[in-house]
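As given, the protein sequences belong to chains V and E, one line each in that order.
Counted the way the numbering used here counts, the first sequence spans residues 1 to 353.
Counted the way the numbering used here counts, the second sequence spans residues 1 to 353.
Every residue gets a Cβ at the ideal spot worked out from N, C-alpha and C, and that includes glycine.
Input: a single structure, listed below in structure tokens.
There are 2 protein chains.
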Amino acid sequence: MSLGSRQKVVVCRDLGPEVMPLLYERKDLEVVAWLEDRKVERSWLLDNVVGAAGLLVVLTDKVDAEVLDKAGPSLRVVSTMSVGYEHVDVAAVAQRNIRLGYTPDVLTDAVADLAVMLALMAGRNGGSTAALVQEGRWPNFSWAPFGFCGPQLSTTPISPTRTVGFLGFGRIAQATLKRLIPFGITHCIYTSSPSSAPSTALEDALLQEHKPTLQSVRRVDLDTLARESDVLFVLAPGGAGTYHIVDEAFLRKMKRMSVLVNPSRGTLVDSEALTRALREGWIWGAGVDVVEGEPHVDREHPLVKEPRCVVVPHIGSATFETRVGMATLAAKNLLAGLAGEQMPAELDVKARS
Amino acid sequence: MSLGSRQKVVVCRDLGPEVMPLLYERKDLEVVAWLEDRKVERSWLLDNVVGAAGLLVVLTDKVDAEVLDKAGPSLRVVSTMSVGYEHVDVAAVAQRNIRLGYTPDVLTDAVADLAVMLALMAGRNGGSTAALVQEGRWPNFSWAPFGFCGPQLSTTPISPTRTVGFLGFGRIAQATLKRLIPFGITHCIYTSSPSSAPSTALEDALLQEHKPTLQSVRRVDLDTLARESDVLFVLAPGGAGTYHIVDEAFLRKMKRMSVLVNPSRGTLVDSEALTRALREGWIWGAGVDVVEGEPHVDREHPLVKEPRCVVVPHIGSATFETRVGMATLAAKNLLAGLAGEQMPAELDVKARS
């Protein structure tokens, strides 16, 4: 197939029947796509990216200087179907005056849904009780007054307050808080990055929106966050500044009946310390969608072996609605970038590199 | 120990350190308790119930004519720590002018919490993905655009409406609806027992409370309930009138991306039909806290073997807060009944027998 006057775009995954036509229907583009349902082969990418104007990747696909150099000066846009961009060498992209699109925000609701699921599963022994049924052990259990019990997320007359804590208080945290209000959550505490200004306007707005159930919203220090949370959500960005921010010292301060939920980045939590916290009863339970070193987390991983820990394989954004939304946004970013127009979601690569 | 003027009460389980003192501290009672953490032995019960004035049971303990006759005319109160009373021969109790206490309402919030957990797990493949991690298979999975995807509970811009359906619309159903509103639920449909009057007042109150997210609340027939629900909660009483009300015909009408949640009674759902519905893709997934024939549900049970079905072992009310609440209410019912006072929650046995 001759290039003619068409621009080449390389697409590193099949984005499905609802999104691929956005690209295929464009007569001015030559679409070269890796359509297998597995990670693109590096050699395929290096061969095909030569002379491309646009490159659409997912988070398994490393976009480094080698890829950019292979593409050559024709490459004007990289678009990733992800909210994170750790797989992209942002400095190298900036240096070559390439634009970078990503897909923030569209996955907020899907991740918040999963955060609620994990909080409930961690408290209610959802992992260990489902496993017990799978193993055929239900018939061995007769009903007992406190059998299978865990702490209740909802308030009750004998336990009328609940404090949810958020380590990081961005959009996903706020969407999670909103979902928890009808469970009777009375207090919300959070930490933000030290550089961000206090936002009493945000706190006031949340109180106004969720009164009378919610009685307080407070920005606190890490120590208070650990000590006061009944349910603690880790929802901060990764990177050196937050590496193992949930460590042994943090976990030892938590309430014995509390649960920890991590739907953000595995590196934020020290897995060894969390394992000890669960095994020795410093906290009640945990639900994690992410684990440091994933997906190389096998059945011998201490968190996988710990009955009080629910581990799911990074499915935070894994809904059809959200993934179609992400893929659509990635395609639109690519097309807008090629046309020299404003991209729906462009990362400011000069500022980030 | 001599009875003296004290009344004997037989307690068939250890109700824990927060509740047993309510009974032990009463000088006018002789408390005879089965303190082992397993079902009371029938022979122990028959031996010890002789001459008792009060009997406190849980739902594993059959209270039939034999038990009542063994107790003799001294027995004035039976108190069960459960919302259900299928284990009690209500007619035999009524015939002997014995009062019966039970524990409705206190478990509403715990069950509603679990209903939300199961709805999320059923949609988001919470059972099969957690099992995959347990089996050590996470390292085999590379991220894929639609890997592990399921239907999203929350609305999204490309999917802006959600209909939740309730087969039965009592307190637990309404508490579940309340929890789902922040997920963006736009429509609620429900069925009630044919004998109950339509309640436009209730519908109006719910709309008023949950506007503008919730746009409609409608009582419908079973056919409409099956056809229109995105998430369907089975929350009706058991018994002959609802036996296998969710059968093959019902399931075949449901949406292909819908999920079914049963936190109420196993007999309401035909397990064989549900297995086929999941295996053949009539619906997306299911989450069940109850299964017909439980706890004799082993690893060969078709629903346990079905990856799209999350099965937990009847943990609806299994939180410390709720079980302490239920045990406290059961003890108070017993004491009030013995004193000839109004019981906090008494079943009208004459009307039910």
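Counting every other CB atom within 10 Å of its CB across the protein chains shown gives I158 of chain V a total below 16, marking it as exposed.
Taking C-beta atoms under 8 angstroms as the contact rule, V290 of chain E and S229 of chain E fail to qualify, at a distance of about 19 angstroms. By the Cβ rule, the stretch 101-115 of chain V counts as touching the stretch 146-162 of chain E, because three or more pairs are nearer than 8 angstroms.
Distance check between G287 of chain V and each of V:E18, V:M117, V:E66 and V:P73 places V:M117 closest, using alpha-carbon atoms only. Note on geometry: alpha-carbon atoms of V234 of chain V and E41 of chain V lie some 33 angstroms from one another. Listed as beta-bridge partners of E346 of chain E by DSSP are E:G101.
At least one C-beta of chain E is nearer than 7 angstroms to the C-beta of S154 of chain V. In the DSSP annotation of this structure, Y243 of chain E is not part of any beta strand (DSSP E), being labelled neither H nor E. Per DSSP, V231 of chain V is one residue of the beta strand (DSSP E) stretching across V231 to V234. Beta-bridge analysis with DSSP links N140 of chain E to no other residue.
Interface criterion not met: the Cβ of G239 of chain V is under 7 angstroms from no Cβ in chain E.
Taken in chain order, the whole alpha helix (DSSP H) runs of length 4 or more contained in the stretch 32-102 of chain E are 42-48, 65-71 and 90-95. Below 8 angstroms, enough C-beta pairs join the stretch 120-131 of chain E and the stretch 123-138 of chain V to call them touching: three or more. Nearest CB-CB separation between C149 of chain E and chain V: below the 7 angstroms threshold. If only uninterrupted alpha helix (DSSP H) runs of at least 4 residues are considered, those enclosed by the stretch 194-282 of chain V are 200-210, 222-228, 248-253 and 271-279.
Per DSSP, L107 of chain E is not a residue of any alpha helix (DSSP H), being assigned neither H nor E.
With its beta carbon at least 7 angstroms from every one in chain V, W284 of chain E lies outside the interface.
Contact fails between the stretch 79-86 of chain V and the stretch 31-39 of chain V, because fewer than three Cβ pairs, one in each stretch, are under 8 angstroms apart. In the same chain as V324 of chain E, and ignoring 5 residues on each side of it, the C-beta atoms closer than 6 angstroms to its own belong to E18, in chain order.
Contact note: I98 of chain V does not reach chain E at a C-beta cutoff of 8 angstroms; the least C-beta distance is about 23 angstroms. Using a C-beta cut-off of 8 angstroms, the stretch 50-70 of chain V makes no contact with the stretch 294-304 of chain V, since fewer than three inter-stretch Cβ pairs fall below that distance.
The C-beta distance from L46 of chain V to K70 of chain V rounds to 5 angstroms, short enough to meet the 8 angstroms contact threshold.
Inclusion of R352 of chain E and V90 of chain E in the CB contact set at 7 angstroms is warranted, their separation being smaller than that value. One finds V312, P313 and I315 in chain V with Cβ atoms closer than 8 angstroms to the Cβ of T129 of chain E, taken in chain order.
Residue burial annotation: R162 of chain V is buried, with at least 16 other C-beta atoms found within 10 angstroms of its C-beta. Counting the other CB atoms within 10 Å of its CB gives Q7 of chain E a total of 16 or more, which places it among the buried residues. R256 of chain E is classed as exposed because its beta carbon has fewer than 16 other beta carbons within 10 Å across all chains shown. Chain-order list of chain E residues neighbouring P21 of chain V: empty, with the shortest C-beta distance near 15 angstroms, by a criterion of under 9 angstroms.
Chain order gives the chain V residues near T60 of chain E as S142 and W143, where near means a beta carbon separation below 7 angstroms. The DSSP-derived three-state label of E135 of chain E is coil. Taking the CA atoms as reference points, T213 of chain V sits about 19 angstroms from L120 of chain V. The Cβ-Cβ distance between L23 of chain E and A331 of chain E falls below 7 angstroms. For V10 of chain E, there are no neighbours in chain V by C-beta distance under 7 angstroms, as the nearest C-beta there is about 16 angstroms away.
Counting C-beta pairs with one atom in each stretch, the stretch 181-194 of chain E and the stretch 208-224 of chain V have fewer than three that are closer than 8 angstroms, which means they do not touch. Any Cβ of chain V closer than 7 angstroms to the Cβ of D113 of chain E would place that residue at the interface, and such an atom is present. Close CB contacts of L347 of chain V within its chain, under the 8 angstroms cut and outside five residues either way in sequence, are with Y85, V90, L100, G101 and Y102 (chain order).
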